[in-house]
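First up is the structure itself, then whatever we jot down about it.
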Amino acid sequence: MLSQFFKPSRKGSYDIDDSVDLLEFVEMKKAAQKNSVEAAEVELLTDSLLDNDAPPLDDVQMESLVYVAGYITHSVSKKFKLCDTCRECLQAEPVEQNDQLLKLKSYRSLSQPNPLTRPSGLVVSLLQHADSVFRAHEHDALTVSLASLTNAALDKCQLANSFPHCHELQKRLTQAFLMLRLRITLRKLSSKAKTAKAKCGSKSVGMRAAVSQIR
2 MLSQFFKPSR KGSYDIDDSV DLLEFVEMKK AAQKNSVEAA EVELLTDSLL DNDAPPLDDV
62 QMESLVYVAG YITHSVSKKF KLCDTCRECL QAEPVEQNDQ LLKLKSYRSL SQPNPLTRPS
122 GLVVSLLQHA DSVFRAHEHD ALTVSLASLT NAALDKCQLA NSFPHCHELQ KRLTQAFLML
182 RLRITLRKLS SKAKTAKAKC GSKSVGMRAA VSQIR
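Below, the structure written as structure tokens:
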């Protein structure tokens with residue numbers, strides 16, 4: 002197959018060098034193989050993520066989720082250009098339960114309007130499902146990709162027909178939420194690693210001090 006790139010020149014000129022075609026072919030082949038491997042890895046990880054579920058959230062955790070859902074709704078609305086249909090979906094039937102934290106975080110009296118975004122019940126249900134998928138595999142936070150988590154959450158979700166498809170609203174909300182969850186988890190892991198390192202360092206200093214006194 003590669004022999005076609007090494008034909009002897011019959012035109013007496015090397016202005017058109019077939020080796021350039023060969024290099025382009027090799028680079029294109031490498032890129033295609035890389036994309037194929039990445040797609041296979043995402044599919045494999047997605048399949049493994051579909052197998053497990055985390056236990057349901059309690060009332061206190063739901064308070065936090067509703068607050069975060071409001072933040073995600075506000076963030077997606079501000080970051081992406083959405084049509085009226087998408088915005089209507091985000092605002093329809095605002096959640097009325099587990100909203101005490103949302104009220105407290107407004108830092109305003111109850112007589113004043115809450116400046117924070119009150120998410121719709123549909124968005125809360127979507128992110129509750131995404132959170133379940135994430136918590137079931139939180140121990141893999143250092144190895145699992147955002148794409149795999151997003152695909153797993155979307156593939157297993159039963160709310161696809163409830164969201165408009167014009168601007169991938171369901172995917173944008175899920176991806177933004179999972180990215181936030183990943184950042185929080187990685188921050189916790191980093192904090193634990195720093196604490197463990199500090200303890201190890203203090204023990205080493207203490208050991209050296211004790212040994213020096215023995216001498």
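Okay, so the sequence shown: first residue is 2 according to my numbering, each after it adds one.
A virtual CB, placed ideally from N, CA and C, is assigned to each residue, including glycine.
- In this chain, the alpha helix (DSSP H) harbouring Leu150 covers 147 to 157.
- Following the DSSP letters along the chain, one finds Tyr68 inside the alpha helix (DSSP H) bounded by residues 60 to 80.
- Look at Ser107 here: in three-state DSSP terms it is coil, with no helix or strand label.
- Sequence-distant Cβ neighbours of Ser76 in its own chain, meaning closer than 8 Å and more than five residues away, are Ala177.
- It is roughly 24 Å from the alpha-carbon of Leu170 to the alpha-carbon of Thr186.
- Counting along the chain, Glu89 sits inside the alpha helix (DSSP H) bounded by residues 85 to 92.
- The C-beta of Leu91 has 16 or more other C-beta atoms within 10 Å across all chains shown, which makes the residue buried.
- In the DSSP secondary-structure assignment, Ser121 is bridged to Pro95.
- Put simply, the backbone Cα of Lys195 is about 44 Å away from that of Pro165.
- Inter-residue distance for Arg184 and Thr151 is about 15 Å (C-alpha atoms, whole angstroms).
- Looking only at Cys167, Ala161, Asp132, the smallest Cα-Cα distance to Gln62 is reached by Asp132.
- In this structure Thr74 is not in contact with Val145, their Cβ atoms being roughly 25 Å apart against a cut-off of 8 Å.
- In this structure, DSSP gives Thr196 a helical state, which the three-state scheme calls helix.
- By the neighbour-count criterion, in which a residue is buried when 16 or more other Cβ atoms sit within 10 angstroms of its Cβ, Leu105 is exposed.
- Taking Cys158 as reference, the option from Leu181, Leu128, Glu139 with the minimal CA-CA separation is Leu128.
- Comparing alpha-carbon positions, the option among Leu174, Leu117, Arg173, Leu147 lying closest to Gln101 turns out to be Leu117.
- Note that the C-beta distance between Ala153 and Val134 is below 8 Å.
- Using a Cβ distance threshold of 8 Å, Ala161 and Ser121 do not count as a contacting pair.
- Of the residues Lys193, Asp85, Ser126, Arg119, the one whose Cα lies closest to the Cα of Leu58 is Ser126.
- With contacts defined by Cβ atoms closer than 8 Å, Ala142 and Leu190 form a contacting pair.
- Going by C-alpha positions, Tyr72 is about 19 Å away from Cys84.
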